[in-house]
Amino acid sequence: MTKKVEKFTIETDVVNSSVLLGKLLKSEEDLMKSNVILHFHDDDPSYEKFTAGDSNTNCDSLVSQFLKKVFYFTKKFPDNVFFDVTLRGAACLQNVLVDLVRASHSTGILPCKVKDDFSCWTDPFAPNLFCTTVEKECYIKPLLEVISKSLFKLREQMNVGGERYPRIYFIDIVKLDDNNRETSDAVRWVFADIPCGKDAEIGNKFMKFLQQDPAINEINVKIRKEPLIAGLKGFLLKDTTSTVVFNALYNDCLREFGKTREIISKWFVLPQGIVKLETELYLSNVATDLEYFKKFENGGKLVEMLPQPEAEKREFEIKLLKESNDRIVDDIKKNMDKINNAKEKILKNNKLIEEYERNTAVIEDEIKDTKVEYNASTEENIKLNSQLDGLNTKKTETINDIESGQKKIDALLPIIEKLSNFCDNLEKENSEEENERSRIFSKANELNTSGLDLYKKTVEKLENISAKLDSFKVDAMHNKEKSNNAYNITKIENLVEIASKDYFEFLELEKDARKDFSDICSSSENNLLMLKDKINLRETEISKEIEGISMKFNDKVQEKIKSILNNVTDDLDKDLCNFKSKLNEKITSDDMVTLRDIFKSVL
């Protein structure tokens, strides 16, 4: 549980102790919290009696009201919870601590002064040699009267005169619980009355010490030397909740109190919490104290500590406490026997424990390996998670794309339906066109057949022309010999060779027609026209050459030559006209136009 840092509580001009206790003790939970209450005051009589009072006013003092609150709150706890409430008080001189309970004994048998080592009085919790048990609320007044009597005797015995010295009161509260007999809770409430101002050297010195804001090492040195600082070490070491009250009427004290308050207001306290006591040890100390005080009981030397009726009641209650203590001791012995039996069982189970430890070591190794695997798995999971995030992102993008594509598909479906209908229409049209194409190919084959027939006829006529030319060549050679070199027959031979060349060029049309049927018609027409032009040109040239011959030919030879040439020319003209007319008929027909378009689209 985390401890809470607190600041010191500071009060001024507090006259009514009940008001102050109302702030400090609001519930039974506040009772079990250690606290230090310091009361700084000047020499005003009302402030002198505020902490412990005197023989007439001790019932209204701060200590008296606190003890009454203690008994009020302890009644609210369950029946199985008991409280031991003890009181001790001391006067803090320069270097001596005087116990205010023991100082009331005129015999001086019990120790009442402590020097040098003040821890024997300040440190131990009750019971100890300086504590007085407050068993009931009716004990409060007699005990405070004893303390007042001790203060009076102290002034007489130690010749302190009018010196006003500080006093401290320890009230220890030990909570005994039957349900938890091993430990008991203990808290301490400290009340300090610190006079300042006139005839208060120790209080003034302590106030100056606080104004210096002392360090821890300075405080520890003074704890061993000065009883007031030893009694207030919980306040000075800042480990106990503390409340500081300043009461003054005079300016000197008010000014000094202001300086002290300015320093204390800056301090912080870290409360240490409840102290745990061993119940068995605590009860044994109670028995030791009872044995110690027994030697004083026979002589009645302790009677003056309490009024006689209370003393008699105390003896009876001590007897009851002894019986209760005996029962508790018996219970403790029984518990110790149980503990010893448990220890024996533990010893018998050592082997099991050792085996368990070995198994634990093996398990720890497995745990280490598991941790390594777990760390590796964690890293792998991190990577997979990152990949998963990426895949989720891609998935989201894909879903978005799918949704976008679906929208596009939905938008394209009507178009696809229209295209499907259009394709069906195209298929019908293609089917019809295919039928039309078959019909056109049929007509094209017919045209090709007729063209080939025409070509064959043309070849036959050309062969006839070639034969006539050969005959003409023979006659020309014969006439050449007869003409006695009067006529230059070489030119005629050249004309014949040119005509033969043109003939063979025309024969190449068959090869071209086989390569490209789409151009056969137009090429044939062009070649025939070219052939006609060439023949006409050669005829004109031959005529000019013949006319240019100076000598006269034999009339028969000239007539024969003219007849041959005229026949050749006439045949070519006729064939060309026939072919051209048929070709024009085919070219201008609708089937031929469609066929050309088909060939163009194919090529």
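Numbered according to UniProt numbering, the sequence shown spans residues 1 to 603.
For every residue, glycine included, the Cβ atom is placed at its ideal position computed from N, Cα and C.
As the crow flies, the alpha-carbon of Tyr356 is around 29 Å from that of Ala376.
DSSP places Val221 in the uninterrupted alpha helix (DSSP H) bounded by Ile216 to Ile223. Annotation: the continuous alpha helix (DSSP H) that includes Gly203 extends over Glu201 to Gln211. In this structure, the alpha-carbon of Asn464 lies about 58 Å from that of Cys423.
In the three-state reduction of the DSSP assignment, Gly89 falls in the strand class.
Taking C-alpha positions only, Asn381 is separated from Lys394 by approximately 19 Å.
Residue Leu228 holds the alpha-carbon nearest to the alpha-carbon of Val36 among Pro414, Phe73, Leu228 and Gln94. In this structure, DSSP gives Asp178 a state outside helix and strand, which the three-state scheme calls coil. Between Cys196 and Glu256 a beta carbon distance of about 7 Å is seen, short of the 8 Å cut, so the two are scored as contacting. Per DSSP, the unbroken beta strand (DSSP E) holding Ile10 starts and ends at Thr9 to Thr12.
With three or more CB-CB distances shorter than 8 Å, the stretch 159-177 counts as touching the stretch 83-91. Residue range Leu62 to Thr74 is occupied by the alpha helix (DSSP H) that includes Lys68. Fewer than three pairs of CB atoms, one per stretch, sit closer than 8 Å, so the stretch 242-252 makes no contact with the stretch 131-143.
Here DSSP, grouped into helix, strand and coil, assigns Phe191 to strand. Rounded to whole angstroms, the separation of the alpha carbons of Ala248 and Leu254 is 6 Å.
With a threshold of 16 other beta carbon atoms within 10 Å, Leu537 falls short and is exposed. Between the beta-carbon of Val190 and that of Gly231 there is about 7 Å, and that keeps the pair under the 8 Å contact cut. Between Ile140 and Lys68 the beta-carbon gap is near 7 Å, inside 8 Å, which marks them as a contact. Note on the stretch 235-292: whole alpha helix (DSSP H) runs with a minimum of 4 residues are 251-264, in chain order.
Under the three-state reduction of DSSP, Leu97 is assigned to strand. Remark: fewer than three beta-carbon pairs, one from each stretch, lie closer than 8 Å, so the stretch 200-212 and the stretch 172-182 are not flagged as touching. Fewer than three pairs of CB atoms, one per stretch, sit closer than 8 Å, so the stretch 215-222 makes no contact with the stretch 8-27.
Across the set Ala215, Ser265, Lys574 and Asn325, the C-alpha of Lys574 shows the shortest separation from the C-alpha of Leu454. Between Ile194 and Phe66, the C-beta spacing is not below 8 Å. Non-local C-beta neighbours of Thr12 in its own chain, meaning closer than 6 Å and more than five positions away in sequence, comprise Phe246, ordered along the chain. A Cβ-Cβ contact shorter than 8 Å links Leu151 with Leu100. Counting along the chain, the unbroken beta strand (DSSP E) around Lys113 starts and ends at Lys113 to Lys115. Between the C-alpha atoms of Pro142 and Ile10 there is a straight-line separation of about 31 Å. Nearest in C-alpha terms to Leu237, of all of Ala215, Phe71, Asp177 and Glu323, is Ala215.
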